[in-house]
Amino acid sequence: MYAALNQKQQLTYALDGRLGEAYFCPQCWQPVQLMLSNEKHRAYFRHYVKHQDFVGESALHVRGKLALQETLLKMGQVAEQEVILGDEERRADVLWYFHGTKYAFEFQCASLSLMELTTRHASYQRLKISDIWLIGSPYLHQNQRKIHRTALKFVAYRARWGYFIAAWLPEIAKVRLFHHLAFCPPQRTVTATYVDYNLGTFLNAYLRQRDYLIALPQIPLSFDPSTWLSRQLKYQQSRWLKLQTNCYERGMMLQELPQELWLPQRLPPLSRNWGLILNRQITFYLANGELTWQQRSQIYLETKWPLVN
Numbered sequence: 001m002y003a004a005l006n007q008k009q010q011l012t013y014a015l016d017g018r019l020g021e022a023y024f025c026p027q028c029w030q031p032v033q034l035m036l037s038n039e040k041h042r043a044y045f046r047h048y049v050k051h052q053d054f055v056g057e058s059a060l061h062v063r064g065k066l067a068l069q070e071t072l073l074k075m076g077q078v079a080e081q082e083v084i085l086g087d088e089e090r091r092a093d094v095l096w097y098f099h100g101t102k103y104a105f106e107f108q109c110a111s112l113s114l115m116e117l118t119t120r121h122a123s124y125q126r127l128k129i130s131d132i133w134l135i136g137s138p139y140l141h142q143n144q145r146k147i148h149r150t151a152l153k154f155v156a157y158r159a160r161w162g163y164f165i166a167a168w169l170p171e172i173a174k175v176r177l178f179h180h181l182a183f184c185p186p187q188r189t190v191t192a193t194y195v196d197y198n199l200g201t202f203l204n205a206y207l208r209q210r211d212y213l214i215a216l217p218q219i220p221l222s223f224d225p226s227t228w229l230s231r232q233l234k235y236q237q238s239r240w241l242k243l244q245t246n247c248y249e250r251g252m253m254l255q256e257l258p259q260e261l262w263l264p265q266r267l268p269p270l271s272r273n274w275g276l277i278l279n280r281q282i283t284f285y286l287a288n289g290e291l292t293w294q295q296r297s298q299i300y301l302e303t304k305w306p307l308v309n
């Protein structure tokens with residue numbers, strides 16, 4: 001097609017189209033891509049074919065991408081929307097060109113599995129493009145001051161912020177950064193502090209040298225999980241029942257753990273819940289007869305979250 005609707009619902013001819021702008025089919029209202037003219041073809045619009053996840057894109061997602069691009073352009077940056085990368089392998093919500101490097105912004109509003117997140121992240125790595133993930137309000141509680149558990153897969157790490165998750169709020173054009181995320185047993189939810197940044201301020205800090213957390217500094221083991229474990233053992237299908245049997249075989253009681261198997265009061269949010277971390281360390285201790293701080297630290301830092309490393 002040679003004409004499409006722009007964000008203001010004005011009919012725009014492809015010859016007058018601009019890369020990075022959002023356009024929609026006048027018939028079905030689905031997003032379309034501007035294809036520039038070349039020696040063989042004049043400029044035209046086409047529907048997205050191979051990326052079916054684009055169908056049903058939410059209004060929030062459209063607004064968020066536009067706000068991201070406009071904010072970058074106001075900063076004097078070069079940024080385009082909906083850029084196809086590689087052999088149509090990926091499509092960046094917003095592609096930002098900065099100091100010879102390409103950065104792909106992913107403004108994630110829809111539900112996304114851990115497997116799909118891992119696949120997309122690995123795909124960007126193959127393309128030598130840095131991906132920056134910003135979650136939308138569906139991953140936040142109603143007051144937008146707390147994250148849902150489903151957002152944990154988007155955890156990343158910086159020395160300045162500790163473990164963090166970044167959300168994009170297009171209505172105020174700010175990045176809401178939830179930083180120093182941690183499990184604080186016996187609480188089930190992840191605790192965090194948040195601060196709002198202008199996009200430029202966030203990116204300046206985000207792009208600094210990454211200092212990966214290789215080992216945890218030694219922390220007092222101040223949380224006794226005995227009461228919590230006693231409650232878990234009341235459930236007939238509890239995954240702790242087998243571990244309880246293993247403890248009996250070694251002359252221990254699961255609900256009366258020695259202090260060397262207690263937990264710190266704060267734990268990295270690198271699993272779905274802190275009970276998994278406790279299970280790992282007890283299992284390791286039963287198998288090896290010891291649990292040094294170095295071994296414990298490695299257990300605590302094990303993660304399947306792809307954006308951390």
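Numbering follows full-length UniProt numbering, with no gaps: position 25 of the sequence shown is 25.
Glycine included, every Cβ here is placed at the ideal spot set by N, Cα and C.
- With contacts defined by Cβ atoms closer than 8 Å, HIS179 and THR189 do not form a contacting pair.
- In this structure ILE165 is buried. Its beta-carbon is surrounded by 16 or more other beta-carbon atoms within 10 angstroms.
- The segment 192–207 makes no contact with the segment 244–258; the number of CB pairs closer than 8 Å stays below 3.
- One thing to note: ARG120 has its Cβ no nearer than 8 Å to the Cβ of ARG145.
- Taking C-beta atoms under 8 Å as the contact rule, SER226 and LEU257 qualify, at a distance of about 6 Å.
- The shortest C-alpha to C-alpha distance from GLY162 to any of PHE105, ILE214, GLN298 is the one to ILE214.
- In chain order, PHE183, ARG188 place their CB closer than 8 Å to the CB of ASN273, counting only its own chain and leaving out the 5 sequence neighbours on each side.
- Taking the C-beta atoms as reference points, VAL78 is found nearer than 8 Å to TYR97.
- A Cβ-Cβ separation of about 25 Å leaves ALA167 out of contact with LEU127 under the 8 Å criterion.
- In the three-state DSSP reduction, ARG231 falls in the helix class (H, G or I).
- Inter-residue distance for ILE132 and ALA156 is about 10 Å (C-alpha atoms, whole angstroms).
- Annotation for THR71: ALA173, LEU199 place their beta carbon closer than 6 Å to its own, counting only its chain and skipping 5 residues before and after.
- Judged by beta-carbon spacing, LEU270 lies within the 8 Å limit of LEU301, meaning their Cβ atoms are closer than that value.
- Fully enclosed beta strand (DSSP E) runs of no fewer than 3 residues occupy 190–197 of the segment 188–221, in order along the chain.
- The continuous alpha helix (DSSP H) containing LEU117 extends over residues 114–126.
- The beta-bridge partner set that DSSP reports for ALA166 consists of LEU177.
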